Amino acid sequence: MYGGVVYRQGVLRRVFVLFMSMFLTVISALMAIGVGWPDPIAIGATLATVGFAWMTVAWIRHMRAGTVALRVTRDGFYDHTSLLVTRHMPIRWHDVRGMRLQASGDQLFLTVELHDPATHIRHLGPFARMAVKANVKLGFGPINIVQSHIKGAHPREVLTVMESYWVASRWNA
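Per my numbering, the very first residue in the sequence shown carries number 48; after that it's consecutive.
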């Protein structure tokens with residue numbers, strides 16, 4: 048299933064996110080220590096420390112996966128742009144119902160709608176399942192490719208490439 052078009056991730060953005068998550072872990076830990084127990088702020092800061100530490104570890108694991116952001120092939124695609132990724136599970140074109148660009152604040156996402164999202168969600172971990180369900184409730188699809196993590200390609204270009212592979216797969220089916 049390899050070949051096709053490969054989009055890379057920018058290294059600076061990846062390092063920036065890693066340092067920010069580490070910084071927030073340290074700041075929240077210092078707040079928890081400095082306020083004193085059992086103050087509600089200390090409890091909240093402790094929970095934030097655990098959350099930011101988890102994000103830091105998850106982001107390090109994500110960075111170790113390589114610099115490929117998105118791999119588009121004639122059979123489907125692999126998304127590596129977020130922590131809710133499909134990197135080890137290809138999304139086949141016959142499972143795709145549609146695609147669109149969708150904004151959320153300053154972020155632009157390529158939202159992929161699936162014919163049967165429940166099948167995709169079932170293969171994810173519990174945290175990822177909750178996050179995908181929340182995204183769907185917010186009007187996004189089950190797969191949201193983070194465009195700002197793709198280096199050197201305009202979002203419209205990525206959408207056009209993916210749509211051309213998707214349409215070609217329907218003609219060849």
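Even for Gly, the Cβ is constructed at its ideal location relative to N, Cα and C.
Note that this is a predicted model, so its numbers are computed, not measured.
(request) Tell me whether Met78 sits in a helix, a strand or coil according to DSSP, three-state version. (result) Shown here, Met78 sits in a helix according to DSSP, grouped into three states.
(message) Could you compute how far the alpha carbon of Gly83 sits from the alpha carbon of Gly152?
(response) For Gly83 and Gly152, the distance between alpha carbons rounds to 36 angstroms.
(message) DSSP has Asp126 in a bridge; who is on the other side?
(response) DSSP lists Leu117 as partners of Asp126.
(request) Just the C-alpha distance for Met48 and Arg118, rounded to the nearest angstrom, thanks. (result) Residue confidence is low: Met48 scores 44 on pLDDT, short of 50, so the model does not pin down where it sits. Its coordinate-derived value is still stated next. Rounded to whole angstroms, the separation of the alpha carbons of Arg118 and Met48 is 10 angstroms.
(message) Less than 7 angstroms between C-beta atoms, sequence neighbours within five positions excluded: which residues of the same chain meet that for Thr72?
(response) Thr96, Phe99, Ala100 and Thr103, listed in sequence order.
(message) Is it buried or exposed, Gly123, if we count other Cβ atoms within 10 angstroms and call 16 or more buried?
(response) With a threshold of 16 other beta carbon atoms within 10 Å, Gly123 meets it and is buried.
(request) Enumerate in chain order the residues of its own chain whose CB-to-CB distance from Arg139 is below 7 angstroms, with the five nearest sequence positions on each side excluded. (result) Apart from sequence neighbours up to five positions away, the residues of its chain that approach Arg139 with a beta-carbon distance below 7 angstroms are Asp122 and Gly123, ordered along the chain.
(request) Express the C-alpha separation of Tyr212 and Gly91 in angstroms, rounding to a whole number. (result) Put simply, the backbone Cα of Gly91 is about 47 angstroms away from that of Tyr212.
(message) I need the boundaries of the beta strand (DSSP E) containing Met136, first residue and last residue.
(response) Per DSSP, Met136 belongs to no beta strand (DSSP E) and is neither H nor E.
(message) Bridge partners for Asn191 per DSSP, in chain order?
(response) Residue pairing by DSSP puts Asn191 in a beta bridge opposite Thr158.
(message) By alpha-carbon positions, which one of Gly145, Ala105, Asp163 and His141 ends up nearest to Thr128?
(response) In terms of Cα proximity to Thr128, the closest of Gly145, Ala105, Asp163 and His141 is Ala105.
(request) Taking 8 angstroms as the cut-off, decide whether the C-beta atoms of Arg144 and His162 are in contact. (result) Note that the C-beta distance between Arg144 and His162 is below 8 angstroms.
(message) If distances are taken between C-alpha atoms only, which option among Leu157, Arg203, Gly172 and Met67 comes closest to Met136?
(response) Comparing Cα positions, the closest option is Gly172.
(request) Would you give the residue range spanned by the alpha helix (DSSP H) that Leu171 belongs to? (result) No residue range can be given for Leu171, since it is assigned to no alpha helix (DSSP H) and is classified by DSSP as neither H nor E.
(request) Under 7 angstroms Cβ to Cβ from Gln149, same chain only, skipping five residues before and after it: list those, please. (result) The beta carbon of Gln149 lies closer than 7 angstroms to those of Phe156, Thr158 and Phe187 in the same chain, with the five residues before and after it left out.
(message) Using a Cβ-Cβ cutoff of less than 6 angstroms, which residues in the same chain neighbour Arg61 once the five nearest sequence positions on both sides are dropped?
(response) Once the five neighbours on either side are set aside, the close Cβ partners of Arg61 are Met110.
(request) Report the rounded CA-to-CA distance for Val52 versus Pro85, giving the unit in angstroms. (result) For the pair Val52 and Pro85, the Cα-to-Cα distance works out to about 54 angstroms.
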